[in-house]
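To start, the structure itself, in structure tokens.
Numbering (the numbering used here), first residue to last: 167 to 422.
This is the structure:
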């Protein structure tokens with residue numbers, strides 16, 4: 167025979183938190199409906215040796231006479247008016263994360279070991295469903311992070327591409343329309359004017375890294391990075407980090 171009441175609880179450390187009471191429709195609002203008690207209580211496993219044993223040994227239990235069993239939680243037994251119940255741990259990741267309790271109040275059919283085993287089987291299925299839900303949520307979060315990373319990378323590449331295109335057009339105008347000495351800004355080669363450290367800084371600028379990220383990567387202060395960036399822009403005769411990154415990319419392509 168099926169259970170007419172069941173209780174699902176969460177377990178965290180030494181705390182035991184009843185979450186939801188499920189009842190057959192005919193019990194709603196009856197003296198056997200102790201939902202109000204469930205909604206306002208948090209129990210201690212220290213006051214429930216039997217449930218503590220469930221958590222420690224990870225095995226189900228059949229409690230034939232809870233009112234006379236000193237291992238039960240007295241307050242919960244009184245609130246539920248249970249005459250017998252079965253209980254089983256819900257496990258995930260090798261630890262107990264919750265408890266299931268079930269009974270048949272008012273029924274002439276006594277609970278037996280088969281009821282205990284039936285509840286234990288259901289607890290196993292419930293744990294599998296829970297783990298699948300957690301995995302799905304983690305995958306969704308991971309997918310969102312990856313998509314955000316791709317978007318940020320694409321934005322960075324788009325900025326570099328636009329800066330490179332602008333510089334290329336300027337170079338073409340200078341080559342076609344200038345008389346005499348070419349524009350010095352178009353003749354600058356990063357490797358020829360920058361120090362080793364400044365070339366390092368420029369390589370990070372080309373990836374779109376922030377000053378803070380560059381400082382962490384090179385183990386220097388953010389203020390030092392700012393000084394190097396300023397020197398790089400000045401030596402390359404460019405106004406922005408994106409323009410400097412474009413020059414770096416152009417040089418890298420010519421060297422291939």
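Every residue, glycine too, gets a C-beta built ideally from N, C-alpha and C. Since this is a predicted model, take the numbers as computed values, not measurements.
Checklist entry - Nearest to residue 271 by CA position, among 252, 258, 286, 279, is which residue? => result Ranking the options by Cα distance to residue 271, first place goes to 252.
Checklist entry - Does the pairing of the stretch 244–251 with the stretch 211–218 give three or more beta-carbon distances under 8 Å? => result In this structure the stretch 244–251 does not touch the stretch 211–218; the number of beta carbon pairs closer than 8 Å is below three.
Checklist entry - Three or more C-beta pairs closer than 8 Å, one from the stretch 396–410 and one from the stretch 362–376: is that the case here? => result Taking 8 Å as the limit for Cβ pairs, the verdict is that the stretch 362–376 does touch the stretch 396–410.
Next on the checklist: What does the alpha-carbon distance come out to for the pair residue 351 and residue 360?
Outcome noted: At residue 351 the pLDDT is 43, less than 50, meaning the model places this residue with poor confidence and gives no usable figure here.
Next on the checklist: Quick check: the stretch 194–209 against the stretch 234–247, are at least 3 beta-carbon pairs closer than 8 Å?
Outcome noted: Taking 8 Å as the limit for Cβ pairs, the verdict is that the stretch 194–209 does touch the stretch 234–247.
Checklist entry - By a C-beta neighbour count over all protein chains shown, 10 Å radius and 16 as the cutoff for buried, is residue 357 buried or exposed? => result Burial call: exposed.
Checklist entry - If you check the beta carbons only, do residue 227 and residue 256 fall under 8 Å apart? => result Not a contact, by the Cβ cut-off of 8 Å.
Next on the checklist: Would residue 267 and residue 173 qualify as a contact pair, given that the criterion is a beta-carbon distance under 8 Å?
Outcome noted: Yes, Cβ-Cβ distance for residue 267 and residue 173 is below 8 Å.
Item to check | CA nearest to the CA of residue 258, picked from 304, 180, 294, 232 | outcome: Nearest of 304, 180, 294, 232 to residue 258, Cα basis: 294.
Item to check | As assigned by DSSP and simplified to three states, the class of residue 271 | outcome: Residue 271: coil per DSSP, three-state reduction.
Checklist entry - Can the beta-carbon of residue 264 be found less than 8 Å from the beta-carbon of residue 176? => result It is a contact, given that the beta carbons lie within the stated cut-off.
Checklist entry - Is DSSP giving residue 175 helix, strand or coil here? => result DSSP, read as helix, strand or coil, puts residue 175 in strand.
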